[in-house]
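Residue numbers (the numbering used here): 463 to 691.
For glycine and all other residues, C-beta sits at the position ideal for the given N, C-alpha and C.
Some notes on the structure that comes next.
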């Protein structure tokens with residue numbers, strides 16, 4: 463499967479220090495268990511500093527979550543890599559064509575996905591965050607990301623079904639309306655649980671209307687909220 467590279471303009475103004483920082487991040491992901499070379503390469507080549515405030519640029523390529531305002535964070539790169547890898551594993555050496563993301567946030571996860579899948583549909587409940595993410599999508603020249611300001615718990619029913627769904631915030635359970643939008647043989651990756659105890663789940667459709675669920679390890683995400691803001 464081909465990776466869709468970002469245009470050279472995405473890295474305008476960057477020096478060798480930033481490239482070395484991205485290389486170190488990629489090496490760290492590999493050492494921490496990320497196995498899919500496609501995912502590692504995409505994160506190596508994604509300018510994470512574009513998705514955070516300039517005051518935090520010096521920390522952009524650390525493996526840590528960082529604030530983006532409105533009580534939200536940009537996930538640590540390892541979590542983005544693991545969720546993306548868990549989604550792709552379902553398709554063997556291929557990739558899904560249509561992916562729904564619940565929780566656009568900064569847009570970082572959507573950009574990583576856009577390099578690896580056919581089309582990304584992303585929903586964000588906080589209008590200002592979505593406005594900023596859309597600007598980044600345009601600046602990076604992405605043509606395979608569609609976004610929507612709406613309650614993420616509702617998914618994007620007009621565009622369902624989706625080959626894959628990813629949630630970037632944690633609820634007590636996966637919203638039923640979102641799960642219903644998964645294709646019969648699709649895959650959903652989401653954190654589930656309370657703020658003090660969350661588990662990353664992978665839920666696969668069995669092709670007959672049922673689901674198979676597996677736990678992928680402990681994680682920590684902001685809560686999944688309803689409504690719009």
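N- and C-terminal bounds of the alpha helix (DSSP H) containing residue i
i: residue 578; result: Note, residue 578: premise wrong, no alpha helix (DSSP H); not H, not E.
i: residue 624; result: Looking at the DSSP string, residue 624 is not in any alpha helix (DSSP H); the run it does join, the beta strand (DSSP E), is 624-629.
i: residue 548; result: 539-551
i: residue 503; result: 499-506
i: residue 639; result: 638-641
Residue i versus residue j: straight-line alpha-carbon distance, rounded
i: residue 601; j: residue 588; result: 20 Å
i: residue 639; j: residue 531; result: 28 Å
i: residue 533; j: residue 580; result: 31 Å
i: residue 672; j: residue 627; result: 16 Å
i: residue 520; j: residue 537; result: 16 Å
i: residue 619; j: residue 610; result: 12 Å
Exposure of residue i, with buried meaning 16 or more beta-carbon neighbours within 10 Å
i: residue 657; result: exposed
i: residue 648; result: buried
i: residue 635; result: exposed
i: residue 595; result: buried
i: residue 668; result: exposed
i: residue 493; result: exposed
Where residue i sits in the DSSP three-state scheme
i: residue 599; result: helix
i: residue 683; result: coil
i: residue 511; result: helix
i: residue 522; result: coil
i: residue 647; result: strand
i: residue 534; result: strand
Limits of the beta strand (DSSP E) - the one that residue i falls within
i: residue 664; result: 659-667
i: residue 587; result: Run containing residue 587: none; DSSP gives neither H nor E here.
i: residue 611; result: 607-611
Residue i: CB within 8 Å of a non-hydrogen atom of the ligand NAD
i: residue 691; result: Although the ligand NAD was asked about, the structure shown includes no ligands whatsoever.
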